[in-house]
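Visitor: Structure incoming, see below.
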Amino acid sequence: MSKPGTPMTPHDYLRAQTRWHPLEYVFWLATLLPFVLFPNYLSLASQIAITALFALSLDLILGYAGIVSLGHAAFFGIGAYTAGIISKYGISDPILGLFIAALLTGIVGFATSFIISRFKHLALIMITLGLGFLVHELANSAHWLTGGADGLQGIRIGDLLGYFEFDLWGRTAYTYSLAVLFLMFLLVRRLTNSPFGLALRGIRENSVRMPAIGAPSAAHIRKVYTMSAAIAGIAGALLAQTTSTVSLGVLDFQRSADVLVMLVLGGAGMMYGGLIGAIIFMVARDQFSGINPQYWYFWIGLLLVTVVMVLPNGILGGLSHLYRMIRGRRS
Amino acid sequence: MIGVLFDGFAYGMLLFLLSVGLSVTLGMMNFVNLAHCAFAMLGGYLTVTLVNRFGWPFLATLPMAFLAAALVSVVFERLLYRKLYRATDLDQVLLTIGLAFMSIATAAYIFGTVHQSAPTPSFLRGSIEYFGINFGVYRLFLVAVGLAVTLVLVLTLEYTRFGQQVRAAVDNQRMARGLGINVDATFAATFALGSGLAGLGGALAIEIVGLDPSFALTYLVYVLIVVSVGGLGSILGSFIAAVLIGVSDIAGKYYVPEVGAFLIYLVMILLLMWRPAGLFGKR
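Residue numbers (our numbering), protein chains in the order written: chain A, 1 to 331; chain B, 1001 to 1283.
So, in structure tokens, the structure goes:
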């Protein structure tokens, strides 16, 4: 850290960011609690970890680069279908499946990133929405490959590392999902705390000015979009492997909207925002699941309106604001 | 062939009625209003209630659908939307999609999730035959209403004092205020006009596409496509885009049903890649 009074250099700033906060240790240790406290809810816990990974991937493009995507489920779905389809043809090793899914969604992400980096504002929202619907329609009509509206049949997933079977209680599933989430989180943390991550934030704040100081906005957007697509694909593949099912639901617009809600609810651009948002959203939905899903969306809607009007930076943003206020008063 | 074209054109007119209001609010006020179709749904449910419960004639409910949607939208504009005129796209998207979710849940709570319909008067039913082609009377009626609305809107925005005030307020708010234009009231009135047209569109849509709580999201996609392909704030652009989308959707479903809705998303993406601001967009 630089001395008070002297301005912070970007390197000082980045070094300060990379240090782990004690609360972060607490958070990750707490993710182990379901093993002890809620052994009956391990399936839900692994779904939460997968959704959190999906939210993390959206955070990378929305929270850091400022790209509003209404069709991110396209990559989640492509990853899920990839993992499911290759398992039908004998590639049943889960980890190999993850790599193939990441590779394929990365390629699709890279191909579409050339479109994405050209657009802004409403056109960008429409393009991402259109791509999402396009992939949904493709999966719907390619009945021979995806099973169409009936879902993908005959998925067979091998044992994890050739030893751990995916059991009925979800012990393996949760360990696996959590481990992948944590590794991906480390990767994203490393990425956002690098000069590249700083350049992304610059693009978010002012995409016109960045090229003027020598940062190629479009190339950066293509890179981060590709990475985000690959991570979303991994999340989708995890869901396919841990539940042994893939249906058209993985590509629904609703899924894109839900993950956006989670991220914004938790707080975009803060890495933990998506994770916290996913936990709150999924637990709440599980608790309300007896009620008609149409009514459940009333509360989601109300929550969104409240967050936008009252908590512009989500729950985490609000909490850190509160924290700073209390600390500022004491000193 | 001509029959399919006509059906597509009539469907396009319906899409135009549903979306022209959004073109006005989104294009002129730069507000991404994803709750637009919720106002259309409000108009639809009002018509269903008035016809079925209170026995109103169908045509008499149409102005009511317009008024109700306009009034309710002004309340929301004053309470919520107004505060976000200068916010980011994302905040506008989130607020309005939240409102759309709430409207869907509310409609499901009050009316149930079943499909609703409102019987149209006998003189709007059946079809007329010309040169061996059947023209549905209700579809002809839709075309007439669509053309009338286009004419009235263009005349209002181009030639009246109100239209001039709207354009002035959009181009330069501070200057408009300096000239003594009440910008807040102008924006509220513009918003009410746009939502009212959505309400009218929703009421007219019942006969063609039916009405259920998911209307607010299902048709939102079509409406957004029409507005973004047509170009923001361009009524002529919305008109042409609506016809284009309507015809290609109906023709696609008729000739290549296995392709499904695929076609219009592809058309949209290609058109936007060619012209990012839409066919008639200025920005």
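Glycine included, C-beta positions come from ideal geometry on N, C-alpha and C.
The structure displayed is predicted, hence computed values, not measured ones.
Of all the residues that make up the region 1234-1268 of chain B, which are near chain A by a beta-carbon distance shorter than 8 Å?
Guide: The residues in question are GLU1258, VAL1259, GLY1260, ALA1261, PHE1262, TYR1265, LEU1266 and MET1268.
Visitor: Using the C-alpha atoms, what's the distance from A/GLN17 back to A/SER2?
Guide: Confidence is the limiting factor: at A/SER2 the pLDDT is only 45, short of 50, which leaves the residue's position unreliable, though a coordinate-based value still follows. Roughly 13 Å between the two C-alpha positions.
Visitor: Counting C-beta neighbours from all protein chains within 10 Å, is the total for A/THR226 16 or more, i.e. buried, or is it exposed?
Guide: Burial call: buried.
Visitor: Just list the alpha helix (DSSP H) runs in the region 1035-1081 of chain B, keeping only unbroken ones of 4 residues or longer that don't cross its boundaries, in chain order.
Guide: Those alpha helix (DSSP H) runs which fall completely within the region 1035-1081 of chain B and span 4+ residues are 1036-1054 and 1058-1079.
Visitor: Would you mind sorting B/ASP1184 into buried or exposed? The rule is 16 or more other CB atoms within 10 Å of its CB.
Guide: Exposed is the call here.
Visitor: If contacts are defined as beta-carbon pairs under 8 Å, then A/ALA409 and A/GLY63 qualify, I think. What distance do you get, rounded to the angstrom?
Guide: Any property of residue 409 of chain A remains undetermined from this structure, which presents chain A solely from 1 to 331.
Visitor: Within 10 Å of its beta-carbon, does A/ARG190 have 16 or more other beta-carbons around it, so buried, or fewer, so exposed?
Guide: Exposed, because fewer than 16 other Cβ atoms sit within 10 Å of the Cβ of A/ARG190.
Visitor: Give the residues of chain B in contact with A/ARG118, contact being defined as C-beta atoms less than 8 Å apart.
Guide: Here the neighbours are MET1273 and PRO1276.
Visitor: Counting only C-beta atoms, is A/LEU332 closer than 8 Å to chain B at any point?
Guide: The question about residue 332 of chain A has no answer here: the residues shown for chain A are numbered 1 through 331.
Visitor: Confirm the yes/no value for this check: CB of B/VAL1183, any heavy atom of the ligand ADP, distance under 7 Å.
Guide: Absent from the structure shown: the ligand ADP. Ligands present: none.
Visitor: Please go through the same chain and pick out, in chain order, the residues whose beta-carbon is closer than 7 Å to the beta-carbon of B/PRO1057, but skip the five residues on each side of it.
Guide: So the qualifying residues of the chain are PRO1121.
Visitor: Quick check: is the beta carbon of A/HIS72 nearer than 8 Å to any beta carbon in chain B?
Guide: It does not: the Cβ of A/HIS72 has no partner Cβ on chain B nearer than 8 Å.
Visitor: Whether or not the region 318-325 of chain A and the region 1176-1194 of chain B are in contact is what I'm after, with contact meaning three or more pairs of Cβ atoms, one per stretch, closer than 8 Å; do they touch?
Guide: With the cut-off at 8 Å, the region 1176-1194 of chain B and the region 318-325 of chain A do not touch.
Visitor: Just to confirm before moving on: does the CB-CB distance between B/LEU1062 and B/ALA1203 stay below 8 Å?
Guide: In this structure, B/ALA1203 lies closer than 8 Å to B/LEU1062 by Cβ.
Visitor: Please state if the CB of A/LYS88 and the CB of A/ILE155 are separated by a distance shorter than 8 Å.
Guide: Yes. Within cutoff.
Visitor: From which residue to which residue does the beta strand (DSSP E) around A/ASN140 run?
Guide: Counting along the chain, A/ASN140 falls outside any beta strand (DSSP E), though it belongs to the alpha helix (DSSP H) covering 121-141.
Visitor: How many whole angstroms separate the CB atoms of B/VAL1209 and B/GLN1116, which I take to be in contact at a CB cut-off of 8 Å?
Guide: With 8 Å as the limit, B/VAL1209 and B/GLN1116 do not qualify as a contact, their Cβ atoms being about 11 Å apart.
Visitor: Does A/PRO34 pass the burial test, meaning 16 or more other C-beta atoms within 10 Å, or should it be called exposed?
Guide: With 16 or more other Cβ atoms within 10 Å, it is buried.
Visitor: Could you tell me if B/ASN1033 is buried or exposed, where buried requires 16 or more neighbouring beta carbons within 10 angstroms of its beta carbon?
Guide: With 16 or more other Cβ atoms within 10 Å, it is buried.
Visitor: Quick one: what does DSSP say A/SER2 is sitting in, helix, strand or coil?
Guide: With a pLDDT of 45 at A/SER2, under the threshold of 50, the predicted position of this residue should be treated as unreliable, and no value is reported.
Visitor: Assuming the contact rule is C-beta atoms closer than 8 Å, B/LEU1018 and B/ALA1198 should be a hit. Round their C-beta distance to whole Å, please.
Guide: The Cβ separation is near 6 Å, so the contact holds.
Visitor: Can you tell me whether B/PHE1039 is buried or exposed? The criterion is at least 16 other CB atoms within 10 Å of its CB, across all chains shown.
Guide: Buried is the call here.
Visitor: Check for me: the beta strand (DSSP E) holding B/PHE1262 runs from which residue to which?
Guide: Careful: B/PHE1262 lies outside any beta strand (DSSP E), inside the alpha helix (DSSP H) at 1262-1274.
Visitor: Determine the burial state of A/SER289: buried for a count of at least 16 other Cβ atoms within 10 Å of its Cβ, exposed for fewer.
Guide: Classification of A/SER289: exposed, given that the 10 Å Cβ count is below 16.
Visitor: Excluding sequence positions up to five away, which residues of its chain have a Cβ less than 7 Å from the Cβ of B/ALA1169?
Guide: Excluding positions up to five away in sequence, the list reads ALA1176, ILE1181, VAL1183, THR1186 and PHE1187.
Visitor: If A/ALA237 sits next to A/GLY97, beta carbons under 8 Å apart, how far is it from one beta carbon to the other, in whole angstroms?
Guide: A/ALA237 to A/GLY97, Cβ: 6 Å. Contact.
Visitor: Output, in chain order, the set of chain A residues within a Cβ distance shorter than 9 Å of B/THR1218.
Guide: In chain order: nothing, as chain A lies at least about 10 Å away.
Visitor: Could you please give the first and the last residue of the uninterrupted alpha helix (DSSP H) stretch that includes B/GLY1027?
Guide: That run of the alpha helix (DSSP H) goes 1002-1029.
Visitor: Quick one, which of A/THR31, A/GLY109 and A/VAL261 has its alpha-carbon nearest A/ARG285's?
Guide: Per the Cα distances, A/VAL261.
Visitor: Using 8 Å as the threshold, is the C-beta distance between B/GLY1237 and B/GLY1246 below it?
Guide: Not in contact: B/GLY1237 and B/GLY1246 (Cβ atoms no closer than 8 Å).
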